[in-house]
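**Student:** Quick one: this structure, given as structure tokens, is what I'll be asking you about.
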Amino acid sequence: MVRAIKQRLKTFEFTPYLVLGLALIILVVFIVYPLSKVIFSSFIVKGDAPTLRNLTLDNFAQFSTSTLYRSAFFNTMTVGLSCVLFSCLIGIPMAYFVAKTQTPLKTFFLTLGTLPLILPPFVGAYSWILLFGRQGVVNYFLENAFNFKLPDIYGAPGVIIAITMSTYPFIFLLTYGALISADPYIEESAEIMGASRWRVIRTVTLPLVIPAIVAGALIVFMRSVGNFGVPAILGGNFYVLPTLIHFQVTGFFNLNAAAAIAMVNVVLVAAAILLSQYVTSKRSYVTITSTTQAARISSSKLLKWIGTIFCLGVIFFSLLPHLTVIFTSFTEGWAGTRYPNKFSLQNYSRIFEIALVPIRNSLFLATTATLIASVIGTLLSYINVRKNPGGSWI
Amino acid sequence: MTEHEESRVTLSIRNLSKVFRSKHDQVQALNNVSLDIREGELFTLLGPSGCGKTTTLRCVAGFEKPSGGTIDFLGQDFTSIPPFRRNIGMVFQSYALFPHLSIFENVAYGLRIRKLSRREIEDRVNRIIALVGLEATQKRKPSELSGGQQQRIALARALVYDPQLLLLDEPLSNLDAKLRVYMREEIRRIQQQAKVTTIYVTHDQEEALSISDRIAVMHAGKVSQVGSPDEIYENPHSIRVADFIGQANFLTCTVQRDADSVLSFRSGEQIKMINSSDNIRNYREREGILFVRPEQMEISADANHPNSLRGEVKVILYLGSVVRYYVEIFQNQKPQEILVDQDRRVRDVGVGDPVAVLVHGQEAKLFPTEQRKQLEKM
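So the sequence lines, in the order shown, correspond to chains A and B. So in this note's numbering, spot 153 of the first sequence is number 153, and the numbers just go up one at a time. So in this note's numbering, spot 77 of the second sequence is number 77, and the numbers just go up one at a time.
Laid out in structure tokens, this is it:
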């Protein structure tokens, strides 16, 4: 009996369980515990002891009583949906022009189209202020030269524009990929049956890329309702849920209320995920075939020119903040004066005086995060695939 | 199909050429192709891949712009009309059904564009789906259908709006062998019932022979020969066509003329062609390449049979309807394998046995020796 147990222990493989145990600990310590604490505290009113008896919905009730809460909720929805809408309005035509027309500079557009993803949106927001703010250069110029006043950048329009300019690449790139990989004969078959170009786009091309558009829209929605930096800078009195959380934490140190708002935000995103899954589950199809023929390109010269102008416009407008950032980095004291008047490399030389610590921090954080994530990720996926110890759902 | 001899020409292709240009080179896909396609016939473009058959079809459809030449349909200049106004039905190799639409909507697509009434659309769709024998599938999506069913829906979709012209681009190449044979008969039946002028593109010569009224054999962007399946098979105008269509034996020989032609082979053997074809009787050159189909030859167990070529049986293949013998003969000390098809097994002949091979002169042909290079290229 004892020998049998010893025998089993000898052949028993501990490694998978060890690694899984490790994963479990990481999961509990870094995800389950803080998350459940947030959830729990969202049901407790500030100042009350965190016990089961004190559980209440008071924090959530704010959404029906407080106008600030209510407007923040609707503002968040407005920002999320508008950003999705405008990202689609920019990204889908751009994807069509690059994938399906003779628009030149395609690699240029594809490369620069991904750039907005790299720059943090709130840096972009600063640039927008620099350009279009109340003291902004463009505004100043237009007012002086043409006596023309642009609408205020602060508030909803500014927030939506700044976020959209950094999220449209999701729609653009995903739609482009779907357009490129779709079977070109499907469009030709519609054409030979008598469909005009516009009808082919409406009844065949667009429906075929809808799953890709929905996937992109979901990312855009999540990014925009979760965005803190842009509304914090450009929002002014325009509160959205993330800035409201910040307001509650720094203003009143009401962590419980902040937790409740965060919960609402999470539910909003979860609802979006469910909705997109519902939409795509009904229409998921792979049209990729063995044909090696590339996507058919429209020979229309008109579309070529419209496409070129459109893409150039979008790229210019979306990279304007980036250009401004680069430009500003070479100026001294701009943003204090009307126009930049002094150029130098002073900012760069100062980097090493003042920014050495931040740079080191950034590099350190990035490196360690990558290292830890890749070690744990590799171990886990190896065990998961090769050993299958049960409980791989984690 | 002699009745088509009198039918009028509907589609006339004249001196069609197409050059594909890229940054680095250019490819002449079509070189002076001229074809006349008659009303109601099933006309096949046959050739190896890259011969220009699909390019020709795509020029007719309007997906490719010809570099030169004209395409004339019943007096209209086709090249100035965009594809969606040509009133053509087309079946693609990948079927290209709309994956997001039901079978009914797939078939109704062309009718909706033509703004027919709801009742008429339903009537027509039902009728054409019944014609291809798939009544039960209307509500399904294309991905729920088998390859053969998708193929028939693609055909129904192309025919439902009564096109003036039907184009089929290798419609059977994605099906398995047995279904391919069944479907080509179906296509023929449906085409005859719809009485629609059809251009059919394939690289499969057996498919082409069985389905077509007429065939154009294409090679390297040019038309090698146009004719009925019988003509193409029995009277090829060049070694290239003879070799591409069906099985063929080619033997180099010297021609002596008496009352009958006597062919001397490299092995020193001689065959006197009795009852030979006009082609052989009128052949005027000294050297030639004898072309004989396997079924125009005969095997004799008597290795010393006069007027024959001696050889040794290497392989015997039982193909059901025929038995194919691979016989090795010696030409110029070099072994050459020839194919002989017999209706049934020849008694007392097995693998390794010496045999005599007899040639039936009525169907044999002589080609000039300079065409030998066509053989080596293929």
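Glycine is no exception: its CB is placed at the ideal position from the N, C-alpha and C atoms. Values in this document were obtained by computation on a predicted structure and should not be read as measured data.
Is the shortest distance between the beta-carbon of B/Tyr109 and the beta-carbons of chain A less than 8 Å?
**Tutor:** At least one chain A Cβ lies under 8 Å of B/Tyr109.
**Student:** So with CB distances below 7 Å, who are the chain B contacts of A/Val204?
**Tutor:** Chain B residues near A/Val204: Phe98.
**Student:** A/Gly194 versus chain B: which residues are under 7 Å apart at the beta carbon?
**Tutor:** Simply Phe84, Gly110, Ile113, Arg114.
**Student:** Assuming contact is defined by CB atoms lying nearer than 8 Å, are B/Leu339 and B/Asn249 in contact in what I supplied?
**Tutor:** The answer is yes: Cβ separation under 8 Å.
**Student:** When the Cα atoms are used, what is the spatial distance from A/Ile92 to A/Ala99?
**Tutor:** Looking at the two C-alpha atoms, the distance is approximately 10 Å.
**Student:** Along the alpha helix (DSSP H) that carries A/Ser318, what are the first and last residues, could you check?
**Tutor:** It spans 301-329 - the alpha helix (DSSP H) in which A/Ser318 sits, taken as one unbroken run.
**Student:** My parser needs the alpha helix (DSSP H) runs of 4 or more residues fully inside the stretch 105-192 of chain B; what are they?
**Tutor:** Entirely contained in the stretch 105-192 of chain B, the alpha helix (DSSP H) runs reaching 4 residues are, in chain order, 118-131, 147-159.
**Student:** Using a Cβ-Cβ distance under 8 Å, would A/Tyr185 count as near chain B?
**Tutor:** Interface residue, yes.
**Student:** DSSP three-state call for B/His100: helix, strand or coil?
**Tutor:** It is coil, neither helix nor strand.
**Student:** Can you check which of these residues, A/Asn227, A/Gln248, A/Leu380, is closest to A/Asn75 by C-alpha distance?
**Tutor:** Closest option to A/Asn75, Cα to Cα, is A/Asn227.
**Student:** Assuming A/Cys83 and A/Ile163 make a contact with CB atoms under 8 Å, what is their CB distance in whole Å?
**Tutor:** Yes, A/Cys83 and A/Ile163 are in contact; Cβ-Cβ is about 5 Å, under 8 Å.
**Student:** Starting from the N-terminal side, write out each stretch of the beta strand (DSSP E) that is 3 residues or longer and does not extend beyond the stretch 266-325 of chain B.
**Tutor:** Those beta strand (DSSP E) runs which fall completely within the stretch 266-325 of chain B and span 3+ residues are 270-273, 287-292, 297-300, 309-318.
**Student:** Could you give the C-beta distance for B/Lys53 and B/Leu42, rounded to a whole number, given that I count them as a contact under 8 Å?
**Tutor:** Contact flag wrong, Cβ pair sits at about 15 Å.
**Student:** Roughly how many whole angstroms lie between the Cα atoms of B/Gly62 and B/Ile81?
**Tutor:** Cα-Cα distance, rounded: 8 Å.
**Student:** CB A/Ser42 to CB A/Ala259, shorter than 8 Å?
**Tutor:** Yes; because the gap between Cβ atoms is below 8 Å, this pair is in contact.
**Student:** Ordered along the chain, which non-local residues of its own chain (more than five positions away) have a Cβ less than 6 Å from that of B/Ser228?
**Tutor:** For B/Ser228, where only same-chain residues beyond five positions count, the Cβ hits under 6 Å are Arg214.
**Student:** Rounded to whole angstroms, how far is the Cβ of B/Ile128 from the Cβ of B/Val160, which I believe are closer than 8 Å?
**Tutor:** At roughly 4 Å, the Cβ-Cβ gap stays under 8 Å, so B/Ile128 and B/Val160 are in contact.
**Student:** For the pair the stretch 168-179 of chain B and the stretch 195-214 of chain B, tell me if three or more CB-CB distances fall below 8 Å.
**Tutor:** Short answer: they touch.
**Student:** Chain A partners of B/Phe63, CB-CB under 9 Å?
**Tutor:** Here the neighbours are Glu188, Glu191, Ile192, Arg296.
**Student:** Which residues in chain A sit within 7 Å of B/Ile88, going by Cβ to Cβ distance?
**Tutor:** Correct list: Ile192.
**Student:** Could you name the residues of the same chain whose beta carbon sits closer than 7 Å to that of B/Glu363, not counting the 5 residues immediately before and after it, in chain order?
**Tutor:** Contacts found: Glu234, Ser277, Arg293, Gln296.
**Student:** According to a CB-to-CB cut-off of less than 7 Å, which residues of the stretch 205-226 of chain A neighbour chain B?
**Tutor:** Within the stretch 205-226 of chain A, the qualifying residues are Pro207, Leu208.
**Student:** Measure from the C-beta of B/Leu92 to each C-beta in chain A and report whether the shortest distance is under 8 Å.
**Tutor:** Reading the sequence as shown, one finds Phe at residue 92 of chain B and not Leu. So, interface residue.
**Student:** Could you tell me the boundaries of the beta strand (DSSP E) in which A/Asp48 lies?
**Tutor:** Here A/Asp48 belongs to no beta strand (DSSP E), and DSSP marks it neither H nor E.
**Student:** Measuring only the C-alpha atoms, how far is B/Lys139 from A/Ile186?
**Tutor:** Straight-line Cα distance between these residues: approximately 20 Å.
**Student:** For A/Ala178 and A/Val209, which I take to be in contact (beta-carbon distance under 8 Å), what is that distance rounded to the nearest angstrom?
**Tutor:** A/Ala178 to A/Val209, Cβ: 4 Å. Contact.
**Student:** Going by the beta-carbon positions, is the gap between B/Leu290 and B/Leu366 smaller than 8 Å?
**Tutor:** Closer than 8 Å, so yes.
**Student:** Within its chain, find whatever has a CB closer than 6 Å to the CB of A/Ala257; leave out the 5 residues flanking it on each side and keep chain order.
**Tutor:** Same-chain partners within the cutoff: Asn59, Gln248.
**Student:** Within 8 Å (strictly less), CB to CB, does A/Ile92 reach chain C?
**Tutor:** Given the protein chain composition of this structure (A and B), no chain C is represented.
**Student:** Which residues mark the beginning and the end of the beta strand (DSSP E) in which B/Cys253 is found?
**Tutor:** Note, B/Cys253: beta strand (DSSP E), 249-257.
**Student:** Can you name, in chain order, every residue of its own chain whose Cβ lies under 7 Å from the Cβ of A/Val200, other than the five neighbours on each side?
**Tutor:** Counting only Cβ-Cβ distances below 7 Å, and skipping sequence neighbours, we find Glu187, Ala190, Glu191.
**Student:** Report all residues from its chain with a CB closer than 6 Å to the CB of A/Pro50; omit the five preceding and five following residues, and keep chain order.
**Tutor:** Taken in chain order, the residues that qualify are Ile44.
**Student:** Alpha carbon to alpha carbon, how far is A/Tyr348 from A/Phe330? Give it in angstroms, no decimals.
**Tutor:** Answer to the nearest angstrom: the Cα atoms are 8 Å apart.
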